[in-house]
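S.K.:
Residue numbers (UniProt numbering): 1 to 890.
(1) Does DSSP put residue 36 in a helix, in a strand, or in coil?
(2) How far does the beta strand (DSSP E) with residue 371 in it reach, from first residue to last?
(3) In three-state terms, what does DSSP make of residue 746?
(4) Please determine if the stretch 666-684 and the stretch 618-631 are in contact, where contact requires at least 3 C-beta pairs separated by less than 8 Å.
(5) Over what stretch of residues does the beta strand (DSSP E) that includes residue 775 continue unbroken?
(6) Put residue 540 into one of helix, strand or coil per three-state DSSP.
(7) Residues bridged to residue 322 by DSSP?
(8) Report the three-state DSSP secondary structure of residue 870 (helix, strand or coil).
(9) From 873, 248 and 591, pick the residue whose C-alpha is nearest to that of residue 835; which is it?
(10) With a threshold of 6 Å on Cβ separation, who are the neighbours of residue 772 within its own chain once the five nearest residues in sequence on each side are excluded?
(11) Could you spell out where the alpha helix (DSSP H) holding residue 13 opens and where it closes?
(12) Going by other Cβ atoms of all chains shown within 10 Å of its Cβ, with 16 needed for buried, is residue 520 buried or exposed?
(13) Distance, Cα to Cα, residue 900 vs residue 462?
(14) How long is the line joining the alpha carbons of residue 20 and residue 828, rounded to whole angstroms?
(15) Please go through the same chain and pick out, in chain order, the residues whose beta-carbon is closer than 6 Å to the beta-carbon of residue 725, but skip the five residues on each side of it.
(16) With H, G and I counted as helix, E and B as strand and the rest as coil, what does DSSP make of residue 72?
(17) Measuring straight from C-alpha to C-alpha, what distance separates residue 95 and residue 138?
(18) What does residue 65 pair with, by DSSP beta-bridge criteria?
(19) So, are the CB atoms of residue 593 and residue 571 less than 9 Å apart?
(20) Use the C-beta contact count for residue 413: other C-beta atoms within 10 angstroms, 16 or more gives buried, fewer gives exposed.
(21) Residue 526 lies in the beta strand (DSSP E); which residues open and close that run?
(22) Kindly list the residues whose CB is nearer than 7 Å to the CB of residue 878, restricted to its own chain and excluding five residues on each side of it in sequence; keep chain order.
(23) Please classify residue 12 as buried or exposed, where buried requires at least 16 other C-beta atoms within 10 Å of its C-beta.
(24) Exposed or buried, residue 418, counting other C-beta atoms within 10 Å across all chains shown (16 or more means buried)?
(25) What are the boundary residues of the beta strand (DSSP E) that residue 198 is part of?
(26) Beta-carbon within less than 6 Å of residue 658's beta-carbon, same chain only, minus the 5 sequence neighbours each way: which residues are those?
(27) Does DSSP put residue 478 in a helix, in a strand, or in coil?
(28) So if DSSP puts residue 48 in a beta bridge, which residue, or which two residues, is it bridged to?
(29) Residue 762: buried (16+ other C-beta within 10 angstroms of its C-beta) or exposed?
(30) Closer than 8 Å is the cut-off here; do at least three beta carbon pairs connect the stretch 48-60 with the stretch 153-165?
(31) If you pair each beta-carbon of the stretch 121-137 with each one of the stretch 69-79, do three or more pairs fall below 8 Å?
(32) Is residue 302 helix, strand or coil when you go by DSSP?
(33) What does DSSP give as the partner residues of residue 205 in its beta bridges?
(34) Ordered along the chain, which non-local residues of its own chain (more than five positions away) have a Cβ less than 6 Å from that of residue 431?
(35) Return the residue from the list 46, 190, 269 and 259 that minimises the CA-CA distance to residue 226.
(36) Compute the Euclidean distance between the alpha carbons of residue 727 and residue 778, then round it to the nearest angstrom.
Structure below.
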């Protein structure tokens, strides 16, 4: 029945009412016209209604209802006049949160109820709604049908249209379209969630060359600026000696006289050819000449200066010159010299040469002007004629010679070289004099010597004259000089021996260990990144999916294309937009630390992306994620040897860090990553910590909170972090591994943990823990690795298990013993952290503690407790119930 009534604000409202409560077997229907779903797979129905309280109607039979039903029927036909009752699909039975009584009606106040229901997985053009009344007194005030959609948005320069949500909880993948003047860098896409919200975007667009991003649009570069590559973030001011008079420039035009080489980046200033080399110097040595010069005064603004030489041989008067040809040689080469010196060999003696030295750089070939050059003229030297002067004795000879006829400059000195015949390579002597004669003393009697002489002028050395052989006189027997010569020879031998021993000792290099360098010791933190981390081109990275979120931004998985190798899986940490310089430094400091490590049990840094946005750290991908989560997921599924193998890998990585003098400070199972081969690797580096005064506090880090329960007592009390405190943390990690990710110290507060540790309490052995692993010592990491290696080689040593009592505290008089009694199965399950199985036990009939005393593994499996670790934990606690009674210490 259609009615006009007043709402609580006395506003007229139209309603459909029915109140046939006095008659039994009511079946009243109200149906809507055809409702088009407009592409939505999931629609929502909001109904507003009032409902009369049956108790407020005197004399009403028991058939009075306080509910009604809502149905729908999908159809492509918009003009159905009849639908069978059996064809409808029930949405829900609707009950009122508030019903009204006769008094309410007398006051004409109607209490409206609002209910929202949804229909999922719609596929036809539309549907009909129907409402069924089976004997209630109701008034249907309004019916609103709607669907949700993700609104049009622009993100990462990609536009995502209005998108209707999917059915149930399905995500709708939407591909974005690059906005004006932008192009795809990675195909942009987002997922529209069922509640109408956009999820994390993947991929992005970038502004084309000549455009820069500004508030989700690309605008052209202003005159005087340019952008050469789409991967560049913003337009940049033109480099020196260049300009861009028009908008939308992809590069800046060089000024007249300045050039840019094809290999020069567009960001480089325009440059010009260099000036000529300066200060040429020649040194003539027989038929060789060394040419040296100074770099040009004007390099043209470039650092790629090279030199080339051209040689010409000239006549005596220097008027006629011709190319030298291929008979002479340049060392190291004639063209493209990087250093300002060259040796020219195989010149002809007594000849004139002219050398032209050109300087050039990367733009010299682009300039029409001649290259800067300098000319050096050289005349090769002649030999010295040696004449023997008739004077020699048993230990000396006198030489005399005649200088060159046309020396290359003024003769500065003569050089005499002599040696015993046939022993030139072993021992020779060089003497110098300004005179053209010399007496050579200290020779051996009766020995043949070879002498050679050459002259040196301002232009350098000439060639040696021919060899002259002379023999000294024989020493007479009994000559007192004989013993002196013998003594000198022996002394010389001793000196030579001492020299050889000294050389041997000096050449021995003692091995040294590599030491970790903290990035904060650098004045420029960016230099630390450059020193220790490889820069990766962002175009070689393909992001595939988001796998988590960190303090600085998202963590994704993807692929890295390595030159000469196939693609590898990597993890990608990105720095979210809007970061400060401090956040960027802190983010990259982890890469500066990680890049110094190279060990199979330390997470490997592949490189960083710092030259474009977003800034990223690329590491190897660990398929099984963090160790604590991995162990919880696979509770009870590994052998003891496998667990010890994991612990051995962690200890090996920590030994490496300790040897490098690096203190981790945050060793915990959550910071150990596991790959597909169950290899454990230490991660999470570069954190700073401050202990707050609040005893409940944790160490504050740039990566989150570090719980007190992993930290050594001396680090808590005195802020003393060493490799020994890392060993303490490693002991907690061992406990986590053996207990399959159990939380250390369970639900004890940080304050209780600190107090208990101070009073001597230590974590008890986890269930099924080998006794050899549960020790109270704190050895060094090297010792730990050795011990674990021995255990792995001798598996029998792991068979004896430690006592796995469920008491939290050790049995000692001064130790605190917080205990409480459990009287129900639910309390017992909560006490042993197995509360998720309350309903399983209740459904199976285990409602008292006595009933669980003799439960078996097979019975647990029937109840749905299938994890081996959970079965062991429950059975172990049952044993405690049997021995201690129902008063359980927890």
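Backbone N, C-alpha and C fix where the C-beta goes; we use that ideal spot for every residue, glycine too.
M.R.: Judging by the given coordinates:
(1) DSSP places residue 36 in strand when its eight states are reduced to three.
(2) Element bounds for residue 371: n/a, residue is neither H nor E.
(3) Correct three-state label for residue 746: coil.
(4) Yes, since at least three Cβ pairs between the stretch 666-684 and the stretch 618-631 fall closer than 8 Å, the two stretches touch.
(5) Taken as a continuous stretch (DSSP letters only), residue 775 belongs to no beta strand (DSSP E), as it is neither H nor E.
(6) helix
(7) Checking the DSSP bridge columns, you'll see residue 322 partnered with 313.
(8) helix
(9) Of the residues 873, 248 and 591, the one whose Cα lies closest to the Cα of residue 835 is 873.
(10) Only 797 meet the Cβ criterion.
(11) First-last for residue 13: 12-18, but that is the beta strand (DSSP E), not the alpha helix (DSSP H).
(12) Classification of residue 520: exposed, given that the 10 Å Cβ count is below 16.
(13) Absent from the structure is residue 900, since the part of the chain shown begins at 1 and ends at 890.
(14) A straight line joining the alpha-carbon of residue 20 with that of residue 828 spans about 54 Å.
(15) 712 and 715
(16) strand
(17) The alpha-carbon of residue 95 is positioned some 11 Å away from that of residue 138.
(18) 136
(19) no
(20) exposed
(21) Per DSSP, residue 526 belongs to no beta strand (DSSP E); it is in the alpha helix (DSSP H), 525-532.
(22) 852, 853 and 855
(23) exposed
(24) The residue in question, residue 418, is buried, as its Cβ has 16 or more Cβ neighbours within 10 Å.
(25) Note, residue 198: premise wrong, no beta strand (DSSP E); not H, not E.
(26) 723 and 781
(27) Because the pLDDT of residue 478 is 43, which lies under 50, any placement of that residue in the model is unreliable, and the number read from its coordinates should be weighed accordingly. It is coil, neither helix nor strand.
(28) Residue pairing for residue 48: DSSP places it in a beta bridge opposite 114 and 142.
(29) exposed
(30) no
(31) Yes, the stretch 121-137 touches the stretch 69-79.
(32) In the structure shown, residue 302 adopts coil according to DSSP, grouped into three states.
(33) According to DSSP, which records beta bridges pairwise, residue 205 is partnered with 184.
(34) 416
(35) 269
(36) 7 Å
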